Amino acid sequence: MLLSDKYPFLTQYFTNAINEKNRALPQSILFYGSDINAQYILATEIARLLNCKNNRHDECDCLNCRWIRENTHPAVLTISKIDNKPEDDESRTVISIKQSQMIKEMLLSESEFHRVFIFCDRDENGNPSGLNQVNFQAETANSLLKIIEEPQPGVTFIFLTRYIDDLLSTIISRSQCFFVPSFKSNDYNYDCINNIFTDYNNFNRQDIFNISQKLNNLTKEYTITEILDSIQNYILCLLKSNPKEFELINHIKYVEEAKLQAKLGMRSINIFDDLCLKLIN
Ligand SMILES: [Zn+2]
Numbered sequence: 369m370l371l372s373d374k375y376p377f378l379t380q381y382f383t384n385a386i387n388e389k390n391r392a393l394p395q396s397i398l399f400y401g402s403d404i405n406a407q408y409i410l411a412t413e414i415a416r417l418l419n420c421k422n423n424r425h426d427e428c429d430c431l432n433c434r435w436i437r438e439n440t441h442p443a444v445l446t447i448s449k450i451d452n453k454p455e456d457d458e459s460r461t462v463i464s465i466k467q468s469q470m471i472k473e474m475l476l477s478e479s480e481f482h483r484v485f486i487f488c489d490r491d492e493n494g495n496p497s498g499l500n501q502v503n504f505q506a507e508t509a510n511s512l513l514k515i516i517e518e519p520q521p522g523v524t525f526i527f528l529t530r531y532i533d534d535l536l537s538t539i540i541s542r543s544q545c546f547f548v549p550s551f552k553s554n555d556y557n558y559d560c561i562n563n564i565f566t567d568y569n570n571f572n573r574q575d576i577f578n579i580s581q582k583l584n585n586l587t588k589e590y591t592i593t594e595i596l597d598s599i600q601n602y603i604l605c606l607l608k609s610n611p612k613e614f615e616l617i618n619h620i621k622y623v624e625e626a627k628l629q630a631k632l633g634m635r636s637i638n639i640f641d642d643l644c645l646k647l648i649n
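The sequence shown runs 369 to 649 under my numbering.
In C-alpha cells:
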C-alpha cells in the first residue's frame, strides 16, 4: 500500500509544505502515537520528498529516492542508541552527547542534499521505537536545542515518540507536533458504538451529556478501551473518506487523551463527558 493512500492527510500536508516557496515546512517535527513504525516510514517519506531530484512520485527511482529506500542516503540519518554512532562512542543504551556533537560538526559544512535527522529508539529486534527520557536524556536533548531552533536552510529534525510527554518540554516547544494514527491490526470495527455515536458530527451541544451517558452505559457490556477504540476507528473511517478534514486528526488526538485518562483510572462517565464536550459542537 502506498503511503499516500495510507496517510493521505499527512502526506498531503507535507507535500504542500515542501512545495511552497516560502518554506512552510517546520525545521523540527515531532511525531507521536502508538505506531512508531508508521512514524518512521512517514519521516523517511518526508526525507525522500525533500531530496528527490525528479517528480517526487511514490514510484520515483532517482538516485536520492533509491538511497533513501535502501537506507543508505548520505544526508538522511537515523539517530538512535545503535545508529550512526561516532567511532569513539561507547554508549549503547542512549543517544549520546557525542552523537549530538557529530551532528553539529556535520552542519558546519555545506551539503548538496537536504539533511534529515530522524531521532528514535530501537527495540530488541531492531525495529524503530519511541524516544523517552531514558534513551534520549535531558543532557543530550538540551545540547541539541540551539541547532534545532536556529533556522538553517536544508536541515530538518524529526523526533518519534509514543506520548508527547515522553520528550522534554524544551524539545516539544521548539517543534511542530503531529499525531500519527495507527493503522495496525484493526479492521476499523465500530460495531459497539453504532447507532449511539456514529454521525456525532451532526449532534447538538445540548445532547452532549445524554450521549455521554449512553456511551457510559456501554461499559456494562464492553471495556472502556473497546469503546474508545471503536470511536477512534469510526473517526479513522471518516478520515479515510475525508482526507482533507484536518480537524479529524484533532478528534483522534482527543480519543488518545481519553485512553490515557482511562489508563490513569479516571471515572468512565467523566472521560466520556470530557470527550463529548471536545467532539460535539
Ligand atoms: Zn526521486
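All residues carry an ideal CB built from backbone N, CA and C; glycine is no exception. The model shown is predicted, which means the values in this text are computed figures rather than measured ones.
Determine the direct distance from the alpha carbon of residue j to that of residue i, and round the result to whole angstroms.
i, j, result
"Asn570", "Val548", "25 Å"
"Lys608", "Tyr375", "8 Å"
"Arg635", "Thr524", "41 Å"
"Phe485", "Gly401", "19 Å"
"Leu643", "Leu378", "24 Å"
"Thr538", "Leu512", "10 Å"
"Val623", "Glu455", "44 Å"
"Lys588", "Gln380", "41 Å"
"Thr591", "Met474", "51 Å"
"Leu596", "Pro394", "32 Å"
"Tyr602", "Cys428", "33 Å"
"Asn405", "Phe399", "11 Å"
"Gln520", "Leu645", "41 Å"
"Ile576", "Ile637", "12 Å"
"Ser468", "Thr508", "7 Å"
"Glu613", "His441", "34 Å"
"Asp559", "Thr593", "14 Å"
"His425", "Asn439", "18 Å"
"Ile436", "Leu445", "10 Å"
"Ala630", "Arg434", "44 Å"
"Asn387", "Asp457", "38 Å"
"Glu625", "Leu647", "12 Å"
"Arg416", "Asn423", "11 Å"
"Gly633", "Gln581", "18 Å"
"Arg483", "Cys545", "20 Å"
"Asn618", "Leu536", "22 Å"
With DSSP run on the structure shown, which of helix, strand or coil describes residue i?
i, result
"Phe382", "helix"
"Ile648", "coil"
"Ile409", "helix"
"Lys462", "Reading the sequence as shown, one finds Val at residue 462 and not Lys. Looking at Val462 - three-state DSSP - the assignment turns out to be coil, as it is neither helix nor strand."
"Asp489", "strand"
"Thr524", "strand"
"His619", "helix"
"Asp457", "coil"
"Leu643", "helix"
"Ile539", "helix"
"Tyr590", "coil"
"Arg424", "coil"
"Cys433", "helix"
"Asp575", "helix"
"Ile564", "coil"
"Tyr602", "helix"
"Asn395", "Here residue 395 is Gln; the residue named in the question, Asn, does not match the sequence. Three-state result, Gln395: coil."
"Ser340", "Since the first and last residues shown for the chain are 369 and 649, residue 340 lies out of range."
"Leu513", "helix"
"Ser609", "helix"
"Glu480", "coil"
"Leu475", "coil"
"Asn439", "coil"
"Glu625", "helix"
"Asn570", "helix"
Name the DSSP beta bridge partners of residue i, please?
i, result
"Gln467", "Per DSSP, none; premise fails for Gln467."
"Phe504", "Phe504 pairs with nothing; no bridge assigned."
"Tyr400", "Thr529, Phe547"
"Ser636", "Partner(s): none; Ser636 has no beta bridge."
"Phe377", "BP columns for Phe377 are empty, so no partner."
"Ser497", "Asp489"
"Ile447", "Phe487"
If the criterion is Cβ atoms closer than 9 Å, does the pair residue i and residue j meet it?
i, j, result
"Ser396", "Ile516", "yes"
"Phe481", "Asn562", "no"
"Arg573", "Asn649", "yes"
"Phe487", "Ser448", "yes"
"Asp534", "Gly498", "yes"
"Phe382", "Ile409", "no"
"Leu604", "Tyr568", "no"
"Glu640", "Ser598", "According to the sequence displayed, residue 640 carries Phe and not Glu. Contact flag unset, no."
"Leu616", "Leu606", "yes"
"Phe504", "Val462", "yes"
"Ala443", "Ser479", "yes"
"Asn500", "Asp491", "no"
Does residue i have its Cβ less than 9 Å from a Cβ in chain B?
i, result
"Leu596", "Absent from the structure is chain B; it holds one protein chain and no more."
| query | Listed by chain order, which residues have C-beta atoms less than 5 Å from any heavy atom of ligand 1? | reply | Those residues whose C-beta sits under 5 Å from the nearest heavy atom of ligand 1 are, from N- to C-terminal order along the chain, Cys420, Asn422, Cys428, Cys430, Cys433.
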